[in-house]
Amino acid sequence: MKHIVVLGSTGKIGKAVLEIVRAYKNEFKIIGLSTNKNKDLLREQIQEFKPLAVGVGEKDLVTLASMQQADMVVVAVVGMSGLAPTLAAIRKGKDIALATKEVLVVAGDLVMKEARKHNANIVPIDSEHSALFQSLQSGRKNEIKRLILTMGKGPIAKMKKKELRNVTIKDIRNRPVWDMGSKIMIDSATCLNKSFEVIEARWLFEVSPEQISIVVHPEYICHSLVEYKDGSIITELGTPDMKRYIQYALFYPKRKEMRVTKGIDLVGKKLSFEKAPFEKFPGLHLGFDAIKKGGTMPAVLHGADEAAVKSFYDEEIAFVDIPQVIKNTMDSHEVTQNPTLKNILEAEIWAQTYARSFISQMKNE
Ligand SMILES: NC(=O)c1ccc[n+]([C@@H]2O[C@H](COP(=O)([O-])OP(=O)(O)OC[C@H]3O[C@@H](n4cnc5c(N)ncnc54)[C@H](OP(=O)(O)O)[C@@H]3O)[C@@H](O)[C@H]2O)c1
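Note that UniProt numbering numbers the sequence shown so that position 132 is 132, with each residue one more than the last.
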């Protein structure tokens, strides 16, 4: 029986984790749960799963992640709050099921070095990375030609370039397939989320920026692909349901039959692929720019995005200003190579502050 700690158990991913655990009672024992503020739901979860420890707020996450009895820690909190507990769990040699992509976006090099040092497996929950992780079981690292991340084509992606200036938060909420929170919805619309995924893939799979590419795949059936040197392209196809990826991470390295999600009947389905819209969405370049510069730059990309998304949400800047604010902040940053955790955290905060002052200037012009 796997002993599991779920950080962020009251969130979308956390609740889906518990749904799977509920469906496979003999396979898992929940030993730790946490929320930020939703104590009512946490109380219900405590009654049902009877964990050994629980946490409320960011201060408790490291203690939970370090629990001696834990075999696996699911990191499904939001943003930078996932970084310290992920490092703590890695240093105790725990397996990590990682949903909080920001952990690898801001500190991927450092986190993966620690994971290798402490023999901790990191299994991604993000659908694209789970698809790559699964497809990578077909070959060796030195046989990879490139990783191809897929991206969908929602209503914003279908707009003409000149229409993007008037995009509102209401347009962004009108998403076709995945159900997600406001920050990630805005990041998906600007394509910054895809940039984060590029950074995540670079560190998780130890590939160079040149070995990562992006294609548009409007049907949401193929969830990313690995092209090997011999020309074979291996992929993962299935329903766009996060529960499939969470189940894979929880059971890894085994596979079990589906109980909480459905499979797909491919008969009559079409798969198509289109060129990625780099020209229309400048946000798509920024992840590549950040990993080419390296060091503290990805943390700066993340910090600037936090500030820009908040200003867009508060209706202070336009949709198309978001990548501009981030690019300007990145251009003004002096990179520290081989950064320590302290350098990374400072760079992230610097970027938020710089981006906010740039936004104030824009508003006054
Ligand atoms: N949802 C998706 O489809 C999806 C897909 C791929 C990756 N992800 C990534 O997975 C992560 C979780 O996403 P989600 O959609 O599950 O988010 P969510 O619904 O907002 O849930 C986040 C969870 O973390 C807790 N939390 C938030 N801030 C915290 C803090 N500062 N300290 C401690 N706990 C905190 C929340 O507590 P409260 O309940 O009190 O707010 C909640 O339990 C994100 O990084 C996201 O980018 C999500």
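From the three backbone atoms N, C-alpha and C, an ideal C-beta is built for every residue, glycine too.
On a predicted model such as this, the values are computed, not experimentally measured, just so you know.
- If you look at D95, you'll find it in the beta strand (DSSP E) that goes D95 to L98.
- L204 sits in a helix when the DSSP states are folded into three classes.
- Boundaries of the beta strand (DSSP E) harbouring F28: F28 to T35, taken from the DSSP string.
- The alpha carbon of M330 has as its nearest neighbour, out of C222, D289 and A189, the alpha carbon of D289.
- A straight line joining the alpha-carbon of Q137 with that of L104 spans about 21 Å.
- With contacts defined by Cβ atoms closer than 8 Å, V226 and S135 form a contacting pair.
- Taking all protein chains shown into account, I264 has fewer than 16 neighbouring C-beta atoms within 10 Å of its C-beta and is therefore exposed.
- A residue is called buried once 16 or more other Cβ atoms fall within 10 Å of its Cβ, and L271, having fewer, is exposed.
- Counting the other Cβ atoms within 10 Å of the Cβ of V267 gives fewer than 16, which makes it exposed.
- Comparing alpha carbon positions, the residue from I317, K262, N328 and G32 closest to L301 is N328.
- When secondary structure is reduced to three states using DSSP, I125 falls in the coil class, being assigned neither helix nor strand.
- Beyond the five residues adjoining it in sequence on each side, V73 comes within less than 6 Å, by CB distance, of V5, A65, A89, K94 and I96 in the same chain, given in chain order.
- CA-CA distance, V215 to C222, rounds to 11 Å.
- Across the set I291, E257 and E219, the C-alpha of E219 shows the shortest separation from the C-alpha of T239.
- With 16 or more other CB atoms across the displayed protein chains lying within 10 angstroms of its CB, E102 is buried.
- Look at I20: its beta carbon is at least 7 Å from all of the heavy atoms in ligand 1.
- Between ligand 1 and the CB of S135, the shortest heavy atom gap is not smaller than 7 Å.
- Taking 3 residues as the minimum length, the beta strand (DSSP E) runs contained wholly in the stretch 33 to 103 are 53 to 56, 72 to 75 and 95 to 98, in order along the chain.
- Between the beta-carbon of T86 and that of V111 there is about 6 Å, and that keeps the pair under the 8 Å contact cut.
- Residue environment analysis places D314 among the exposed positions, since fewer than 16 neighbouring C-beta atoms fall within 10 angstroms of its C-beta.
- The Cβ-Cβ distance between A347 and A276 does not fall below 8 Å.
- According to DSSP, K275 shares a beta bridge with V215.
- Straight-line spacing of the CA atoms in E27 and K2 works out to 6 Å.
- Nearest C-alpha to K161 among F281, V17 and A16: F281.
- At least one heavy atom of ligand 1 lies closer than 7 Å to the C-beta of M242.
- According to the DSSP assignment, R173 belongs to the alpha helix (DSSP H) that extends over I169 to R173.
- Here the distance from the Cβ of K101 to the nearest heavy atom of ligand 1 is below 7 Å.
- Where V267 is concerned, there is no enclosing alpha helix (DSSP H), because DSSP gives it neither an H nor an E.
- Ligand 1 has a heavy atom closer than 7 Å to the beta-carbon of A76.
- Nearest neighbour of A308 by Cα position, chosen from L284, S357, P339 and S213, turns out to be S357.
- Collapsing the DSSP output to three states places R22 in a helix.
- Nearest to E44 by alpha-carbon distance, out of F278, S9, M67 and R140, is S9.
- Judged by DSSP in its simplified three-state form, K292 adopts helix.
- Collapsing the DSSP output to three states places V320 in coil.
- Per DSSP, the beta bridge partners of Y228 are I144.
- For M151, DSSP records a beta bridge to V216.
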